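Reviewing the structure listed below.
In my numbering, the protein residues as written are 95 to 442.
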């Protein structure tokens, strides 16, 4: 039952990164692919009906972690208090940028919110990547089950690292490139005209950057946390997940050249989902790896709720996830087709 809940949480977090990732990417790119006010309204219109709904997966994932793995929640949310506050403020800033931009027609007003939308989207992508880097590298959990530390020290690894070091920043840069590419593919699918053309140019530039930095971070991960690769080699059931990572990345380039817009975006969805799934499968059963001693690591077995609660939770979660999937299918079906800000402005 603990393994089932680990899979559930991994799937929900992957759903969040896939769904909110494309609107982070749109925010990062919009200053470059949209140069007029109408073009920037087109980018906002492309994410307008879905961006706030996508964040539901982050909130619900946090709730499920509280329920299924309270020890991991207590340690993680206390140790990462400062980065989590940064995430909260960045999400608020993004929401304000989207909602307030069109309240005034002043070019200065709109440029201000455009700039804040770009900065908050960029930092969110980097922070999400750095958070994943911390989970892979490990944190200074002690015998009490808690940890604390600065945002950064000397950017070096060690038993008491800061949240940001050379490895976690590298994972953050990879996340920035991956989500920007994901956003470019989404804008190619959802927008017409010049925004579509410039997004295609951006995707062609970003793809080799993702490949190069992805290979570099993979080599770094082998050095920083060899346990991941040991588990990948020892568990053949993970191999299809890991092999789908390069396969889907290659498919993105092929489909992009073929100008098959929706399949290229869906290949990006598979790429991100398999990247996260193979990482989670390699880390299993660890949730929070201790850099001080393996005995202090929080796993799915020593950090979970009671067996009765986990079994009852499956019933409640099953009903909720069916309703959530039904809502999102309806939402994206209603929002099908290219964006036309003249006939469907969504308030932007």
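For every residue, glycine included, the Cβ atom is placed at its ideal position computed from N, Cα and C. Everything numeric in this text was worked out from a predicted model, so none of it was measured.
Between the CA atoms of residue j and residue i - distance to the nearest angstrom
{"i": "residue 181", "j": "residue 218", "result": "7 Å"}
{"i": "residue 172", "j": "residue 395", "result": "21 Å"}
{"i": "residue 152", "j": "residue 106", "result": "8 Å"}
{"i": "residue 227", "j": "residue 176", "result": "16 Å"}
{"i": "residue 279", "j": "residue 293", "result": "7 Å"}
{"i": "residue 104", "j": "residue 159", "result": "10 Å"}
{"i": "residue 194", "j": "residue 205", "result": "11 Å"}
{"i": "residue 149", "j": "residue 349", "result": "28 Å"}
{"i": "residue 281", "j": "residue 118", "result": "12 Å"}
{"i": "residue 246", "j": "residue 179", "result": "16 Å"}
Integer-rounded CB distance, given that residue j should sit under 8 Å from residue i
{"i": "residue 234", "j": "residue 385", "result": "5 Å"}
{"i": "residue 168", "j": "residue 399", "result": "So it is not a contact: roughly 12 Å between Cβ atoms."}
{"i": "residue 401", "j": "residue 95", "result": "6 Å"}
{"i": "residue 335", "j": "residue 372", "result": "4 Å"}
{"i": "residue 125", "j": "residue 208", "result": "6 Å"}
{"i": "residue 266", "j": "residue 223", "result": "4 Å"}
Contact set for residue i: own chain, Cβ-Cβ below 8 Å, skip 5 residues either direction
{"i": "residue 250", "result": "259 and 260"}
{"i": "residue 300", "result": "271, 274, 275 and 278"}
{"i": "residue 333", "result": "326"}
Buried or exposed by the 16-neighbour rule on C-beta atoms within 10 Å, applied to residue i
{"i": "residue 236", "result": "exposed"}
{"i": "residue 238", "result": "exposed"}
{"i": "residue 359", "result": "buried"}
{"i": "residue 412", "result": "exposed"}
{"i": "residue 387", "result": "exposed"}
{"i": "residue 405", "result": "exposed"}
{"i": "residue 188", "result": "buried"}
{"i": "residue 374", "result": "buried"}
{"i": "residue 199", "result": "exposed"}
{"i": "residue 248", "result": "exposed"}
{"i": "residue 291", "result": "exposed"}
Sequence-distant residues of the same chain with beta carbon closer than 6 Å to residue i, five excluded per side
{"i": "residue 318", "result": "231 and 261"}
{"i": "residue 370", "result": "108"}
{"i": "residue 323", "result": "316"}
{"i": "residue 214", "result": "184, 187 and 188"}
Residue i - partner residues in DSSP beta bridges
{"i": "residue 325", "result": "Answer by DSSP bridge pairing: none, since residue 325 is not bridged."}
{"i": "residue 258", "result": "246"}
{"i": "residue 507", "result": "Outside the shown range of the chain, which is 95 to 442, sits residue 507, and nothing can be said about it."}
{"i": "residue 233", "result": "384"}
Own chain residues within Cβ distance below 7 Å of residue i, not counting five before or after
{"i": "residue 136", "result": "128, 285, 289, 433 and 435"}
{"i": "residue 314", "result": "261 and 264"}
{"i": "residue 338", "result": "364 and 368"}
{"i": "residue 297", "result": "275, 278, 279, 282 and 350"}
Cutoff 7 Å: residue i Cβ touching any chain C Cβ
{"i": "residue 390", "result": "No chain C is present in this structure, which holds just one protein chain."}
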